[in-house]
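Here the sequence shown is numbered in this note's numbering, starting from 4 and rising by one per residue. Heads up, the beta-carbon is just placed ideally off N, CA and C, and yes, glycines get one too. One structure below.
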Amino acid sequence: MRRILIFVSVLILSAQQITVAAPKNVILLVGDGMGMAEITLARNYQFDSGAGLYIDTMDFHGTAIVNALRESDPNLIAFVGDSASGGTVLATGQRTAVRRIATTAKYDAPIETILELAKRSSLNTGLVTTAVITDATPASFAAHVTNRYCMKPGDAPCEGDISIIEQMIDLDIDILLGGGERLLPAIRDEKTIEQIALDKGYTIFKDRASLLNINADNDNEKLWGIFSDYHMPIEWQGHGGRMPKKLEAGGGILGFFKDDNNVIFPQARACEANPNHDGIPKLEEMTNAALSKLAAKSKTNEKGFFLMIEGASIDKQSHAANPCGVIGEMLAFDRTVKMVAQFAKMQGDTLVIVTADHGGSTQTIHHPYYENYKRTEENIPGLYEMLLTNGGNELSVYYGTNNISDQAHTGINVPVFSHGLPRDNPLRGTIRQTDIFGVMKSYLLN
4 MRRILIFVSV
14 LILSAQQITV
24 AAPKNVILLV
34 GDGMGMAEIT
44 LARNYQFDSG
54 AGLYIDTMDF
64 HGTAIVNALR
74 ESDPNLIAFV
84 GDSASGGTVL
94 ATGQRTAVRR
104 IATTAKYDAP
114 IETILELAKR
124 SSLNTGLVTT
134 AVITDATPAS
144 FAAHVTNRYC
154 MKPGDAPCEG
164 DISIIEQMID
174 LDIDILLGGG
184 ERLLPAIRDE
194 KTIEQIALDK
204 GYTIFKDRAS
214 LLNINADNDN
224 EKLWGIFSDY
234 HMPIEWQGHG
244 GRMPKKLEAG
254 GGILGFFKDD
264 NNVIFPQARA
274 CEANPNHDGI
284 PKLEEMTNAA
294 LSKLAAKSKT
304 NEKGFFLMIE
314 GASIDKQSHA
324 ANPCGVIGEM
334 LAFDRTVKMV
344 AQFAKMQGDT
354 LVIVTADHGG
364 STQTIHHPYY
374 ENYKRTEENI
384 PGLYEMLLTN
394 GGNELSVYYG
404 TNNISDQAHT
414 GINVPVFSHG
424 LPRDNPLRGT
434 IRQTDIFGVM
444 KSYLLN
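The following block contains the structure:
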């Protein structure tokens, strides 16, 4: 999903009050699949449920009701959406059906996005994600297709639609950072996507060193950083690559005789670094590069910018029932939120909104000691993992929306955090997810 994050530093903090400068930048941070369950898991693991997550300290907290629409009848509600429908709501303020990218359910009409509005108003723009750049969240801010999997020319789901990557490049977004090298060889009008991007003035780079050494002062340069073939590798994995599994009952004496009906629980293990992430930029490094470039551009374009930043694999690892993957990506997202908020405070004219597109399937459940380490096979949970937290405590994690490894989204409310809004800000309390677009638009364009 395309999420446009515009860093609007609006807060000047004093001991007694907050003075709000008029924002001209908006930064939207989207934790894909980041429900309170995923936040809780990361907090429990890293900080043993104590202080430590930056988002817990943000000025304003709210919660957003998330709904999609039925494709067959848009008058009917779908209570659980996906990244395409959720991204579309954030980008446009309008609900749609699952898999749709900024188009209306059933009738297929395009819906103008906040990024497109920013471009039309001559603001600078950027999209940053740990997924392929054409994934549903970033796409929702920069394209209009019936099917989210219409990513490049020739993809079967396009069915006559112009692909997401073509629309992104044609929109002349200033900064694109994420995965997606497989997009480059695709052909349009006898040219590769890579050549089309170069012809339109993009500088394409494919390694972390190039990202860390970009020339932020080159105002005319558009950046396209591509750091993986598809989605970027995650930061953490389970011990030795271990994943949750279905538990078995029985075990008896020393495990040799299945003479009882009690569940055999795994030994608690700590998460570890994923070796496949070596040499891959971190989300905060991509974000820092985007902010540096957009801040430099703001010196010659005083209208401001819109930036969307996505921690994409919080959701993807919840789908995979991989708690260590969820935790690592959640902590990376939290570090990025902190960096963005600090940038906004220094700028003094930037609004920061942190939210999610939908909830995930991660659940922290009771430890077996609640039943004296006994649990009968009639009550065996689904995919189960036992983690050993930084403080040495055992943490039980469960995935049970499906009986297969691909877990489903949930219809839980998602959190909304913000910096840079007045005390009477409209993103506190329980809101509709559709309200977020209106707040971004009013601060960015008015």
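{"Check": "How long is the line joining the alpha carbons of Glu197 and Leu187, rounded to whole angstroms?", "Outcome": "5 Å"}
{"Check": "Which residue comes first and which comes last in the beta strand (DSSP E) that contains Pro418?", "Outcome": "417 to 422"}
{"Check": "For Ile58, collect the residues of the same chain with a Cβ closer than 8 Å to its Cβ; drop the 5 residues on either side in sequence, then sort them by chain order.", "Outcome": "Ile42, Asp337, Val340, Val357, Pro418, Phe420"}
{"Check": "Go through its chain and collect everything with a Cβ distance to Asp409's Cβ below 6 Å, but skip five positions before and after it.", "Outcome": "His322"}
{"Check": "Using the DSSP secondary-structure output, state which residues sit across from Lys248 in a beta bridge.", "Outcome": "Tyr387"}
{"Check": "For Ile256 and Ala40, what's the separation of their Cα atoms in angstroms?", "Outcome": "Its pLDDT being 48, under 50, Ile256 is placed unreliably in this model, and the coordinates cannot settle the point."}
{"Check": "Any idea if Ala54 is buried or exposed, counting beta-carbon neighbours within 10 angstroms, 16 or more meaning buried?", "Outcome": "exposed"}
{"Check": "Would you list the residues sitting across from Ser399 in a DSSP beta bridge?", "Outcome": "Met389"}
{"Check": "Considering only the beta carbon of each residue, do Ala87 and Arg151 sit closer than 8 Å?", "Outcome": "yes"}
{"Check": "Do Val343 and Pro247 come within 8 Å of each other at the CB atom, strictly closer than that value?", "Outcome": "no"}
{"Check": "What number of angstroms, rounded off, separates the C-alpha of Pro113 from the C-alpha of Phe208?", "Outcome": "31 Å"}
{"Check": "By the 10 Å Cβ neighbour count, where 16 or more other Cβ atoms means buried, how is Phe309 classified, buried or exposed?", "Outcome": "buried"}
{"Check": "For Lys194, which residues does DSSP report across the bridge?", "Outcome": "Arg191"}
{"Check": "Using 8 Å for Cβ pairs, my map puts Ala134 next to Ser316. What's the rounded Cβ distance?", "Outcome": "7 Å"}
{"Check": "Three-state secondary structure (DSSP) at Pro429?", "Outcome": "coil"}
{"Check": "Would you identify the three-state DSSP class for Met333, choosing helix, strand or coil?", "Outcome": "helix"}
{"Check": "DSSP on Thr339, reduced to helix/strand/coil?", "Outcome": "helix"}
{"Check": "For the stretch 138 to 149 against the stretch 101 to 121, are there 3 or more C-beta pairs whose distance is under 8 Å?", "Outcome": "yes"}
{"Check": "For Arg272, which residues of its own chain have a beta-carbon under 6 Å away from its beta-carbon, when the five flanking residues on both sides are left out?", "Outcome": "His242, Leu391"}
{"Check": "For Gly258, name the three-state secondary structure that DSSP assigns.", "Outcome": "Residue confidence for Gly258 is low, a pLDDT of 47 falling below 50, so the modelled location carries little weight; the figure read from the coordinates is stated next. Residue state, collapsed to three classes: helix."}
{"Check": "Tell whether a beta-carbon distance below 8 Å holds between Leu398 and Glu288.", "Outcome": "no"}
{"Check": "Run through DSSP, which three-state label would Arg272 get?", "Outcome": "strand"}
{"Check": "Could you please give me the residues that DSSP links to Gln366 through a beta bridge?", "Outcome": "Tyr401"}
{"Check": "Which of the three DSSP states, helix, strand or coil, is assigned to Arg73?", "Outcome": "coil"}
{"Check": "Pull up the DSSP beta-bridge partners for Tyr57, would you.", "Outcome": "Looking at the DSSP assignment, Tyr57 forms no beta bridge with any residue, so it has no partner."}
{"Check": "What does the alpha-carbon distance come out to for the pair Gly441 and Gly96?", "Outcome": "7 Å"}
{"Check": "Between the Cα of Leu430 and the Cα atoms of Ala108, Phe63, Val33, which residue gives the shortest distance?", "Outcome": "Phe63"}
{"Check": "Roughly how many angstroms separate the alpha carbons of Trp239 and Val355, rounded to a whole number?", "Outcome": "27 Å"}
{"Check": "DSSP puts Gln240 in a beta bridge; with which residues?", "Outcome": "Glu275"}
{"Check": "Am I right that Val69 and Gly307 are in contact with their C-beta atoms under 8 Å? What's the rounded C-beta distance?", "Outcome": "Contact flag wrong, Cβ pair sits at about 28 Å."}
{"Check": "Measuring CA to CA, which of Gly182, Thr137, Asp202, Gly163 is closest to Met171?", "Outcome": "Thr137"}
{"Check": "Under 8 Å between the Cβ atoms of Asn454 and Ile237?", "Outcome": "The structure shown does not extend to residue 454, since the chain spans only 4 to 449, so no value can be given for it."}
{"Check": "Quick check on DSSP: helix, strand or coil for Glu41?", "Outcome": "helix"}
{"Check": "Could you tell me which of Ser445, Pro326, Glu162, Ile117 sits nearest to Leu44, measuring between CA atoms?", "Outcome": "Pro326"}
{"Check": "Whose CA, out of Lys285, Leu250, Glu275, Cys274, lies closest to the CA of Ile229?", "Outcome": "Lys285"}
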